[in-house]
């Protein structure tokens, strides 16, 4: 077998990459200096609001760019093409459903959260259900989920960089974690948003360059369509089996995906914090509507790269020749082949992957600090030393997430592990906010019982999947041949005698529940049981509005008469 190929980066590649990293950190330093010199931000509370929310005066376009890059991270750029190569084209449908979730968010959730004028989204739950327990419980779930998710995101580019240079994965994880932690800690939300805008441009440039050169190298659109059809990847679009015990289907790519996207862009602290950082509700909705076409374009570019990778390696699978050790490295190997003999190209592509990653983790660190401070520290200790406390929280969030990145690989790859973790914890949270907005007469007690039960069900499914790993042998075949590999030795991927799409038959049914349906299952197990239990545990004062000008429910509630 061939050893994994190491790529020699030219001086210009290092200049481009290091220049990008220095600019990212420099933006954080700039805003740290500017904020210290401002005379209108002198109180601790005002400093904290400026640090976490940009003073609620951010222009809508860079905020939209920040939102665009937040959840299309390095894991998506690396992992989505790997999924298309190995499992088919259902990710095209999955990404398309993001537009539906954005519209629901823009018309229903954003107005409610914007008028709430809070830093933490979970304050809504306390006001709506008259319960600090629900607020702190959901905040705890977000913090735990986000720490793991950020670890997954940091892991992605670490794999990429270690596969193209001699630097071990350990040091690449340290590089990503430390650089993102540094500029987020010193610069706050303004540094995050403006750096994200720069990173969005780098992402588009890198991906467009790779697509243009790659399309020529694989033989054009006709060849791509031919391989997608002959390999069976195109046929995967028509998987209509409603059985949830399968890897992915049309239903998990539509209904399940809508719930996943709502958990990211509708009722997520990282997204809502950006919606509320602009001056007006109209601006907040502009952020949503600008992001819809741009996100669709960017996600389809990622899927297109997946088709390029499939076409390029279809006749000589690099895992079968031993050039790479995981499908997550396919994009990097493809980029190295395409960029060969083009100085500066590898550096741009490397910066593209890091741009996507840094934008996500910096947003995550900032949002975790906002939740920890506003939901746990501020109610008990007030605003004393608020800015210092928030910077310490951002720094600690970055350190913990970086440490968690070292444990990602055993979870099954960067896409599957992140989607499973997201769905298992955020699906129930989506159900909780749906109850708050749409169910006027649901009781707090019924809501808590349903939420805890739903979290338990989803974590049980996730643990079953991790322990038994029923889809580890599910791989769609390629067409490696001696001619295609130019005489290099290869070992064909083992295809089991059963349909791997349905998982190993000797595993528990629960372990084979699709990880892409966890979010939908979690939402259902909160929403409907809470409605039923509310008949046994009728609502008390939570059925009344707090008398606010803007209601916390879609249809409004009666005010409590004293």
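Residue numbers (our numbering): 103 to 664. Glycine included, every Cβ here is placed at the ideal spot set by N, Cα and C. Computed from a predicted model, the values in this text were never measured in an experiment.
- Nearest C-alpha to residue 375 among 430, 454, 445, 166: 166.
- In terms of Cα proximity to residue 506, the closest of 199, 204, 248 is 248.
- A straight-line Cα-Cα distance of about 5 Å links residue 176 and residue 455.
- Within the stretch 593-630, no run of beta strand (DSSP E) reaches 3 residues while sitting entirely inside it.
- A Cβ-Cβ contact shorter than 9 Å links residue 288 with residue 493.
- Take residue 241, set aside five residues on each side of it, and the residues of its chain with a beta-carbon closer than 6 Å to its own are 224, 473, 477, in chain order.
- One thing to note: residue 410 has its Cβ within 9 Å of the Cβ of residue 183.
- Residue 469 sits in a helix when the DSSP states are folded into three classes.
- The Cβ-Cβ distance between residue 424 and residue 292 does not fall below 9 Å.
- Runs of the alpha helix (DSSP H) lying entirely within the stretch 228-278 and spanning at least 4 residues, in chain order: 234-266.
- When secondary structure is reduced to three states using DSSP, residue 222 falls in the coil class, being assigned neither helix nor strand.
- By the neighbour-count criterion, in which 16 or more other beta carbons inside 10 Å mark a residue as buried, residue 419 falls on the buried side.
- Where residue 191 is concerned, there is no enclosing alpha helix (DSSP H), because DSSP gives it neither an H nor an E.
- C-alpha of residue 221 to C-alpha of residue 502: approximately 23 Å in a straight line.
- Just so you know, the alpha carbons of residue 587 and residue 438 end up roughly 17 Å apart.
- Residue burial is scored here from C-beta neighbours: residue 462 has at least 16 other C-beta atoms within 10 angstroms and is therefore classed as buried.
- Nearest C-alpha to residue 460 among 272, 190, 283, 128: 283.
- For residue 583, the secondary structure class from DSSP, reduced to helix, strand or coil, is coil.
- The beta carbon of residue 252 sits closer than 6 Å to the beta carbons of 463, 466, 503 from its chain, once the five residues preceding and following it are set aside; these are given in chain order.
- For residue 499, the enclosing alpha helix (DSSP H) has its first and last residue at 488-506.
- Residue environment: residue 159 is assigned as exposed (fewer than 16 neighbouring CB atoms within 10 Å of its CB, all protein chains considered).
- The beta carbons of residue 354 and residue 556 sit no closer together than 9 Å.
- Sequence-distant partners of residue 632 (beyond 5 residues in either direction) whose C-beta falls short of 6 Å from its own C-beta, in its chain, are 537, 544, 548, 549, 552.
- Closest in alpha carbon position to residue 560, among 509, 625, 581, 592, is 625.
- The residues 572, 573, 614, in chain order, have a CB closer than 6 Å to that of residue 605 in the same chain once the five nearest residues on each side in sequence are set aside.
- Taking residue 608 as reference, the option from 589, 621, 567 with the minimal CA-CA separation is 567.
- Counting other Cβ atoms within 10 Å of its Cβ, residue 597 stays below 16 and is therefore classed as exposed.
- Straight through space, the alpha carbons of residue 204 and residue 402 are spaced by roughly 16 Å.
- Residue pairing by DSSP places residue 661 opposite 647 in a beta bridge.
- Setting aside the 5 residues that flank it on each side, residue 112 is surrounded in the same chain by 445, each with a C-beta closer than 7 Å to its C-beta; the list follows chain order.
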